[in-house]
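K.L.:
Numbering (our numbering), first residue to last: 302 to 843.
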C-alpha cells in the first residue's frame, strides 16, 4: 500500500468520509482506492468494531482482504465476503430464531432442493419480482422452510431485510459491530441487496457503493444497474465520485472501448492502434487453426512473457469448445463445475476444498474465516485448520474421506449421501479433477465473457462477434425479417467488458460461417457492434 500514489480523482474519493457512490471505469484502480479507504477508517475504530466489505465473488473478496491486511494491518472485526455470506453469518443464523421457529442445524438450499410440502407454500408472486411491500406473502413459505431446517437461497436477501427490519437485537448488533458498509460491483445488485444497503445506511453505518453501469452483465440473474444509477443521481443522499483513468489498457484500447459506448467520445490520434479485427474463412474450428500461428506471433511482437497472459473470450462454452478442438497450443478451458446432483451448499464446499488441494496459492484462512458463524473454540479452529490442510496433503485414495471430514467441520453436519456419492465420482475422474487445477503459466486461458469479468490479460482474442450471437436476437411474432435484439445494452456491456480486459492488444474475431448450438452450419454475418459509432479496428491481412 505504501507504493500507491493516488491521482486527484482517487484521492478525492479516498478522503470523503460520508455516504458515497464511486463510479469506477475498468482499470481505474478501484480496489486500491477501496483498500486505502477501508484502512483509513478501520485505523480509527475500537478493537471490537469493523467494516462490512461486500464483493461479488469470493475471489474478489479474498483479494480485497489481502490488500487491506497488507503489512500485517489489523482489520479488527471486519467482514469480507459475498452478500449471501454476510446475510447468513451476521443476520439470518444469529437472529432468525427470534422471529420464527427453525429446525435444528438449518442449512441453505435452492428452491428446487426443498421438500414439496415446503414449495407448495410459495405465493403466486415470483421471488425475483418480490419487494418489501409483499414480503408478508412469503412468510408462510419462509416459516415452513425454516421449520424444516432450510434457508432458501433465493430468498436470503428478502429474509435478511425482514429480520433487520423486525429484530431490534439485530439492529443493535449491526450498529455496535460495524461502522461502515462497502459494496463493490453495485451495478450487479438485486432489489433486496439494494434495500438492505439502504437500511444499513439508515441505521447509521457509512454507506459506500462502487460500480460501473456500463459493466452490468447479469440481468439474466435479475441484477440491475438502476440501483447504482439511483445512488448516483442528485439528491440521493450520496456524494458522487468518478474515477475514470484507465491504468490497465493501452490508450488506443481504452479509446476504442469508450467510443463504442459514446459516439461523442473523442478518440486521440495514434500511430499505434492496438485493437485489430480478423475474419476467418470457415467456422470456429478454423479460428482455432489460425490462432495456432497468431498467438505465438503476437506474443513475441508485444513482449508477452507467458501464455497465461493470453486469453480467448467466447459468448458461450459451445464456441469455446469448438475453437479449442483445433487449438494445438496448450490451453486451460474454464468450464462449469463438474458437480451436478449435490446440494448447492455442498457443491460450493467441495469445490473450495478441491481447489485448496490443487491451487497452492490458496490458503486455508478464508475458509476458516467463513466458518466463524459456527462460533468455533480455539481448539476446534485448530482441528479445522488441520482437516483443511489434510485435503491438500493426503494421498489420492484418502481424498474423498478428507474432503468429507473437512466439509462436515465447516458446515457443522455431515454432507448428504447424494453429495458424498457425487464427490466420490468426481474424485475418481481425472478429467473432472482438472477443473480444480490452477492454470499453468504455459497455457492460454479460454473462457466465456462472463467469466472474464474482473480479470486482465496482455493479449485478448474476443471471438463470437456474429449477428444473432453478440448482440443476441429474439424472434417475436410479426413481419418476417424484423431485427429485434434481446437486451442490446447488456450485450454491448459484455462486449465492452471483453475489450477492456486487454492490456497490450485486443483482436476482435469472426468467421464467414458459424456452428450454432444445434450443430447447424450458419452464415457468419458480423456483429452489429463491429464498427459501432465509427470504431475502426485494424484489419489483420494474414
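Just so it is clear, CB atoms sit at the ideal spot from N, CA and C, and this is done for glycine as well.
Anyone know if the C-beta pair for residue 544 and residue 329 falls short of 7 Å?
P.N.:
For the purposes of this step, residue 544 is taken as the residue at position 243 of the chain shown. For the purposes of this step, residue 329 is taken as the residue at position 28 of the chain shown. Going by C-beta atoms, residue 544 is nearer than 7 Å to residue 329.
K.L.:
Excluding sequence positions up to five away, which residues of its chain have a Cβ less than 8 Å from the Cβ of residue 831?
P.N.:
Here residue 831 is taken as the residue at index 530 of the chain shown, counted from 1. In its chain, beyond the 5 residues on either side, 578, 766, 809, 811, 838 have a beta carbon closer than 8 Å to the beta carbon of residue 831.
K.L.:
If contacts are defined as beta-carbon pairs under 8 Å, then residue 746 and residue 609 qualify, I think. What distance do you get, rounded to the angstrom?
P.N.:
Along the chain shown, one-based indexing puts residue 746 at 445. Along the chain shown, one-based indexing puts residue 609 at 308. 6 Å between Cβ atoms; contact.
K.L.:
Throw me the rounded Cβ distance for the residue 453 and residue 410 pair, which I believe falls under 8 Å.
P.N.:
Counting from 1 along the chain shown, the entry for residue 453 is found at position 152. Counting from 1 along the chain shown, the entry for residue 410 is found at position 109. Indeed they touch by this definition, with Cβ atoms about 7 Å apart.
K.L.:
Taking 7 Å as the limit between beta carbons, can you name the residues of its chain near residue 379, skipping five residues before and five after?
P.N.:
For this step, residue 379 is matched to residue 78 along the chain shown. Same-chain partners within the cutoff: 343, 351, 352, 354.
K.L.:
Out of 325, 337, 657, state which residue places its alpha-carbon closest to the alpha-carbon of residue 703.
P.N.:
Start at 1 with the first residue of the chain shown, and residue 703 comes out as number 402. When only C-alpha atoms are compared, the closest one is 657.
K.L.:
Under 7 Å between the Cβ atoms of residue 590 and residue 627?
P.N.:
As a working mapping, residue 590 is identified with position 289 in the chain shown. As a working mapping, residue 627 is identified with position 326 in the chain shown. In this structure, residue 627 lies closer than 7 Å to residue 590 by Cβ.
K.L.:
In the structure shown, what three-state DSSP assignment does residue 467 receive?
P.N.:
As a first step, residue 467 is located in the chain shown; it is residue number 166 there, counting from the start. Per DSSP, reduced to three states, the secondary structure at residue 467 is helical.
K.L.:
Using three-state DSSP, classify residue 514 as helix, strand or coil.
P.N.:
The sequence position of residue 514 within the chain shown is 213, counting from 1. In this structure, residue 514 counts as helix in the three-state DSSP scheme.
K.L.:
Name the DSSP beta bridge partners of residue 748, please?
P.N.:
Here residue 748 refers to the residue found at position 447 when the chain shown is read from its first residue. Answer is 614.
K.L.:
Between which two residues does the beta strand (DSSP E) containing residue 428 stretch?
P.N.:
Translated into the one-based positions of the chain shown, residue 428 becomes position 127. Note, residue 428: premise wrong, no beta strand (DSSP E); not H, not E.
K.L.:
With 16 as the cutoff for other CB atoms within 10 Å, does residue 539 come out buried or exposed?
P.N.:
Walking along the chain shown from the start, residue 539 turns up at place 238. The residue in question, residue 539, is buried, as its Cβ has 16 or more Cβ neighbours within 10 Å.
K.L.:
Could you check how far apart the C-beta atoms of residue 450 and residue 408 are, in whole angstroms? I think they sit under 8 Å.
P.N.:
For the purposes of this step, residue 450 is identified with residue 149 of the chain shown, where counting begins at 1. For the purposes of this step, residue 408 is identified with residue 107 of the chain shown, where counting begins at 1. So it is a contact: roughly 7 Å between Cβ atoms.
K.L.:
Evaluate the contact criterion for the stretch 486-501 versus the stretch 414-424: three or more CB pairs, one atom per stretch, below 8 Å.
P.N.:
no
K.L.:
How far does the beta strand (DSSP E) with residue 580 in it extend, from its first residue to its last?
P.N.:
Translated into positions along the chain shown, residue 580 becomes position 279. 576-581 is the span of the beta strand (DSSP E), which, as asked, contains residue 580.
K.L.:
Taking the alpha carbon of residue 770 as the point to measure from, which residue in 737, 744, 825, 724 has its own alpha carbon closest?
P.N.:
Here residue 770 refers to the residue found at position 469 of the chain shown. Checked all of 737, 744, 825, 724; the closest Cα to residue 770 is 825.
K.L.:
Buried or exposed: where does residue 794 fall if 16 or more other Cβ atoms within 10 Å of its Cβ makes it buried?
P.N.:
Against the chain shown, residue 794 aligns to sequence position 493. With 16 or more other Cβ atoms within 10 Å, it is buried.
K.L.:
I need the straight-line Cα distance from residue 618 to residue 751, nearest angstrom please.
P.N.:
Within the chain shown, the letter at position 317 stands for residue 618. Within the chain shown, the letter at position 450 stands for residue 751. If you take the alpha carbons of residue 618 and residue 751, they lie about 11 Å apart.
K.L.:
Rounded to whole angstroms, how far is the Cβ of residue 388 from the Cβ of residue 458, which I believe are closer than 8 Å?
P.N.:
Numbered from its first residue, the chain shown carries residue 388 at position 87. Numbered from its first residue, the chain shown carries residue 458 at position 157. Rounded, the Cβ-Cβ distance is 7 Å, consistent with contact.
K.L.:
By a C-beta neighbour count over all protein chains shown, 10 Å radius and 16 as the cutoff for buried, is residue 434 buried or exposed?
P.N.:
As a working note, residue 434 is residue 133 in the chain shown. Per the 10 Å Cβ criterion, exposed.
K.L.:
Taking only the alpha-carbon atoms, compute the straight-line gap between residue 802 and residue 325 and give it to the nearest angstrom.
P.N.:
As a first step, residue 802 is located in the chain shown; it is residue number 501 there, counting from the start. As a first step, residue 325 is located in the chain shown; it is residue number 24 there, counting from the start. Straight-line measurement puts the Cα of residue 325 at about 15 Å from the Cα of residue 802.
K.L.:
Please report the distance separating the alpha-carbon of residue 524 from that of residue 487.
P.N.:
Stepping through the chain shown from its first residue, residue 524 is reached at position 223. Stepping through the chain shown from its first residue, residue 487 is reached at position 186. Each residue's Cα considered, the two are about 9 Å apart.
K.L.:
Of the choices 843, 764, 816, 760, whose alpha-carbon is the least far from that of residue 804?
P.N.:
Indexing the chain shown from 1 puts residue 804 at position 503. If we check each option's Cα against that of residue 804, 760 comes out closest.
K.L.:
Are the CB atoms of residue 648 and residue 640 within a distance shorter than 7 Å?
P.N.:
As a first step, residue 640 must be located in the chain shown, where it is residue number 339. As a first step, residue 648 must be located in the chain shown, where it is residue number 347. Yes, the pair counts as a contact, with Cβ atoms nearer than the cut-off.
K.L.:
Going by the beta-carbon positions, is the gap between residue 655 and residue 708 smaller than 7 Å?
P.N.:
Translated into positions along the chain shown, residue 655 becomes position 354. Translated into positions along the chain shown, residue 708 becomes position 407. Result no, Cβ atoms of residue 655 and residue 708 do not sit closer than 7 Å.
K.L.:
Check the C-beta distance from residue 403 over to residue 447 and give it rounded, since I have them as a contact under 8 Å.
P.N.:
As a working mapping, residue 403 is identified with position 102 in the chain shown. As a working mapping, residue 447 is identified with position 146 in the chain shown. About 5 Å separates the two Cβ atoms, so the contact holds.
K.L.:
If contacts are defined as beta-carbon pairs under 8 Å, then residue 469 and residue 335 qualify, I think. What distance do you get, rounded to the angstrom?
P.N.:
Counted from its first residue, the chain shown places residue 469 at position 168. Counted from its first residue, the chain shown places residue 335 at position 34. Residue 469 to residue 335, Cβ: 31 Å. No contact.
K.L.:
May I ask which residues mark the beginning and end of the alpha helix (DSSP H) holding residue 679?
P.N.:
As a working mapping, residue 679 is identified with position 378 in the chain shown. Where residue 679 is concerned, the enclosing alpha helix (DSSP H) starts and stops at 679-694.
K.L.:
My understanding is that residue 513 touches residue 356, with C-beta atoms under 8 Å, so please give their C-beta distance in whole angstroms.
P.N.:
Residue mapping note: residue 513 aligns to position 212 of the chain shown, counting from 1. Residue mapping note: residue 356 aligns to position 55 of the chain shown, counting from 1. At roughly 15 Å, the Cβ-Cβ gap does not stay under 8 Å, so residue 513 and residue 356 are not in contact.
K.L.:
Let me make sure I understand the geometry here. Which of 693, 613, 737 has the alpha-carbon closest to that of residue 799?
P.N.:
Taking the first residue of the chain shown as position 1, residue 799 is located at position 498. Distance from the Cα of residue 799 is smallest, within the candidate group 693, 613, 737, for 613.
K.L.:
What does DSSP give as the partner residue(s) for residue 840 in the beta ladder?
P.N.:
Translated into the one-based positions of the chain shown, residue 840 becomes position 539. The partner list for residue 840 (beta bridge, DSSP) reads 578.
K.L.:
Among 664, 467, 784, whose alpha-carbon lies nearest the alpha-carbon of residue 364?
P.N.:
Here residue 364 refers to the residue found at position 63 of the chain shown. For residue 364, the nearest C-alpha among the options comes from 664.
K.L.:
Beta-carbon separation of residue 520 and residue 788 under 7 Å?
P.N.:
Translated into the one-based positions of the chain shown, residue 520 becomes position 219. Translated into the one-based positions of the chain shown, residue 788 becomes position 487. Their beta carbons are under 7 Å apart, which means residue 520 touches residue 788 by this criterion.
K.L.:
Hey, could you find the ends of the beta strand (DSSP E) residue 803 is sitting in?
P.N.:
The residue given as residue 803 occupies position 502 in the chain shown. Residue 803 -> beta strand (DSSP E) spans 803-812.
K.L.:
Can you give me the Cβ contacts of residue 693 inside the same chain, cut-off strictly under 7 Å, excluding the 5 residues immediately before and after it?
P.N.:
The sequence position of residue 693 within the chain shown is 392, counting from 1. The residues are 657, 658.
K.L.:
State the CB to CB distance for the pair residue 321 and residue 568, rounded to an integer number of angstroms; the pair is presumed to be in contact (CB under 8 Å).
P.N.:
As a working mapping, residue 321 is identified with position 20 in the chain shown. As a working mapping, residue 568 is identified with position 267 in the chain shown. The C-beta distance from residue 321 to residue 568 rounds to 31 Å, too long to meet the 8 Å contact threshold.
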